[in-house]
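Taking the UniProt record's numbering, I'd label the letters of the sequence shown as residues 1 to 209. Glycine is no exception: its CB is placed at the ideal position from the N, C-alpha and C atoms. Computed from a predicted model, the values in this text were never measured in an experiment.
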Amino acid sequence: MTSTPQVPETTADSTADTTADATAGAGRAVAQVAVFAALIAALGLMGTIPVPGLVPITAQTLGVMLAGAVLGPWRGAGAVMLLLGLVAVGLPVLSGGRGGLGVFLGPSVGYLIGWIAGAIVIGLIVHGARRSSAVRPTWLTTIVGCVVGGILVIYAFGIPAQALVTGLGMWETALTSLAFLPGDLIKVVLAAVVTMALWRAYPRAFGRA
Ligand SMILES: O=C(O)CCCC[C@@H]1SC[C@@H]2NC(=O)N[C@@H]21
1 MTSTPQVPET TADSTADTTA DATAGAGRAV AQVAVFAALI AALGLMGTIP
51 VPGLVPITAQ TLGVMLAGAV LGPWRGAGAV MLLLGLVAVG LPVLSGGRGG
101 LGVFLGPSVG YLIGWIAGAI VIGLIVHGAR RSSAVRPTWL TTIVGCVVGG
151 ILVIYAFGIP AQALVTGLGM WETALTSLAF LPGDLIKVVL AAVVTMALWR
201 AYPRAFGRA
């Protein structure tokens, strides 16, 4: 007697459900990316504190930290890239109402690129690398993620580029960037408080890695 291998049945209904789920997932990802790009832009409305060395102190890094911590590495980076795309086409969405391609030739270009890398690193630390992993932010992962991704990684891109553009030495530039540190540490605490509150109140806001 021969046995017939069991093949799982695929019905028209289950295929339609899978397609609808995929479409809803993609729509949700686009909405998340757009909302966080808008959040980063809105934080730019708070204005800037100018510092010698020409790179401003801005609240927008809080938005970058939140994008990585809430959306995960790829959607978080997507939100930053969408914002930078809007800057590139000339929209005044950077703090102080700045925008346009000229920004990418200025002293803050490295920080702006660092925002993408920073969101990825924050997302990887808070969400983990696996797409299927359940997102469960903790105080520790959010704070460590924001310090490493939101400060160290961003500065690692920003300081050398700023030194290159301004012609100032690397160490002098690094010293100037100490002016950012108190504000950035406050942003880490705010990002952790908002991330944990959002996680408790609305876990569905958290994206898949
Ligand atoms: O608006 C721009 O041109 C980019 C500003 C980059 C600001 C950097 S990001 C890290 C550090 N923290 C701040 O508040 N400012 C700098």
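Query	Result
Leu-168 - DSSP class collapsed to helix/strand/coil	coil
Ile-49, buried or exposed, once every other Cβ within 10 Å from all chains shown has been counted against 16	exposed
Proximity winner among Ala-77, Gly-123, Leu-181, relative to Val-30 (alpha-carbon distances)	Ala-77
Cα-Cα separation, Gly-169 to Val-121	27 Å
Contacts around Ala-191, its chain only, beta-carbon distance under 8 Å, and the 5 residues preceding and following it disregarded	Leu-62, Met-65, Leu-66, Ala-69, Thr-142, Cys-146, Gly-150
Reduced DSSP category for Leu-91 - H, G, I as helix; E, B as strand; rest coil	coil
Identified DSSP bridge partners for Ile-57	Ile-49
Residue environment, Thr-2, which counts as buried when at least 16 other CB atoms sit within 10 Å	Caution applies to Thr-2, whose pLDDT of 47 falls short of 50 and renders its modelled position unreliable; the value that the coordinates give is listed next. Thr-2 should be labelled exposed.
Distance, Thr-18 Cα to Ile-57 Cα	46 Å
Secondary structure of Arg-136, DSSP reduced to three states	coil
Sequence-distant residues of the same chain with beta carbon closer than 7 Å to Ala-161, five excluded per side	Val-109, Gly-110
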